[in-house]
Each structure stands twice: as structure tokens, then as C-alpha cells.
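**Student:** Below are the C-alpha cells for one structure; questions will follow.
In full-length UniProt numbering, the protein residues as written are 1 to 131.
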């Protein structure tokens, strides 16, 4: 403010007052526009409105895309399961049910009772006092 005021009132310092005021002003170069200097992963892709004049609007959508097949129809489609069943049946890897008659081992009922170890001779106090 003070410099402008001194220029208007002709009170400049003598070495500044001797300068030619009609000297052409140097123009500042324009900074590069942001649109031309930008760099990102979406540059020049099919939706880049800065590098293309037209964008295929049919490819643009708002929200989640509606798929032809719903989740329920995909889950209910059992074609793949039938294909895999046929494939693995050739290898005899998939067996529908095992017959129970082939199992020859007897059932072990040692640990079936609720009070396992309740009838032991050692009590907790004896085990702790031995330490």
C-alpha cells in the first residue's frame, strides 16, 4: 500500500523515480492447464472425457449392475454337481453311502460316563502338596 501511495503522490526514492515507467511489462507465462498436465491410471481410457469428445453412454450406469442370473438361480443350478458326480464316479472316489455291516470294530464306552476320573485315589490336595 505504501509503495502504491508513494507512486501516486510522486514521492518515490530518487533511484526509483528515474526509472522509465513506459517500459514494456514482462508477461508471466501461463501455467500449464491442469487438464493437459494431469497423469493418472484413467488417462486415455474409454471414459476419459478430457481426451475424448464422445463417451459411450450405454456403458455408463449408476448403481449396481443388474445381472441376468440372480444368486438364487445360481445356487439352485445343479448342473455342475451332476457333471462332477459323473466324473468322480468313474474314479470310484465318491461313494453315496457306506454300508454299516462292513464296520467290524466294537464300540468303546470307556469315556461315556460324566464323572471321568472321579473315583481316582489321588485328590487335588495331595497332588498340589507334592510340589
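For each residue, glycine too, the CB sits at the ideal point set by N, CA and C.
1) In the structure shown, what three-state DSSP assignment does residue 84 receive?
2) Helix, strand or coil: how does DSSP classify residue 33 here?
3) Can the beta-carbon of residue 43 be found less than 9 Å from the beta-carbon of residue 54?
4) Which stretch, first to last residue, makes up the alpha helix (DSSP H) that contains residue 71?
5) Measuring straight from C-alpha to C-alpha, what distance separates residue 12 and residue 39?
6) For the alpha helix (DSSP H) containing residue 14, list its first residue and its last residue.
7) With respect to the alpha helix (DSSP H) encompassing residue 3, which residues constitute its N-terminal and C-terminal limits?
**Tutor:** Checking against the coordinates, here is how it stands:
1) Here the question's residue 84 lines up with position 84 in the chain shown. Residue 84 sits in a helix when the DSSP states are folded into three classes.
2) Walking along the chain shown from the start, residue 33 turns up at place 33. Residue 33: coil per DSSP, three-state reduction.
3) By 1-based counting over the chain shown, the position of residue 43 is 43. By 1-based counting over the chain shown, the position of residue 54 is 54. No, the Cβ-Cβ distance between residue 43 and residue 54 is not below 9 Å.
4) Locating residue 71 in the chain shown gives position 71, where the first residue counts as 1. Its alpha helix (DSSP H) spans residues 71-76.
5) Your numbering for residue 12 matches position 12 in the chain shown. Your numbering for residue 39 matches position 39 in the chain shown. Note on geometry: alpha-carbon atoms of residue 12 and residue 39 lie some 48 Å from one another.
6) Along the chain shown, read from residue 1 onward, the residue named residue 14 stands at position 14. For residue 14, the enclosing alpha helix (DSSP H) begins and ends at 14-17.
7) Locating residue 3 in the chain shown gives position 3, where the first residue counts as 1. Per DSSP, residue 3 belongs to the alpha helix (DSSP H) from 2-8.
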